[in-house]
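**Student:**
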Amino acid sequence: MKGLPDRFQITNTYNGDVFTLKNASGTGTADDPYRWTIENVPDKTEIIFTESGYDVTGYDVTINGQATTDAEAGTVKVTIAENETAI
16 MKGLPDRFQI TNTYNGDVFT LKNASGTGTA DDPYRWTIEN VPDKTEIIFT ESGYDVTGYD
76 VTINGQATTD AEAGTVKVTI AENETAI
């Protein structure tokens, strides 16, 4: 498989922006990964990011080498550290 499906997206609980391949910077390679930015986030703000649309028939999802189920895959929680202004 080359790259992510066009329906791939990431949502967040901070501002509701939807990140897709179309609004990413980067090419999705190890040397130039996809990137999205949320700026001016207040210190200690907790944001939950949820990925979806990455499933492809014939492929299994793994995160850090561990097989996942739909219920546990695709969600990451981050907290903005002091003096950090973008993630």
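The numbering of the sequence shown is my numbering, which starts it at 16 and goes up by one. Idealized CB from N, CA, C, for every residue including glycine.
1) Within the same chain, show all residues whose beta-carbon is closer than 7 Å to that of Gly41, passing over the 5 residues directly before and after it, in chain order.
2) Can you tell which of Gly43, Phe23, Glu97, Ile53 has the C-alpha that lies nearest to the C-alpha of Ile63?
3) By the three-class DSSP mapping on this structure, what secondary structure does Ile63 have?
4) My output table needs one value for Phe23: the three-state DSSP class, helix, strand or coil.
5) From the DSSP secondary-structure annotation, give me the bridge partner or partners of Val33.
**Tutor:** On the basis of the coordinates in this document:
1) Asp47, Pro48, Tyr49, Arg50
2) Ile53
3) strand
4) coil
5) Thr26
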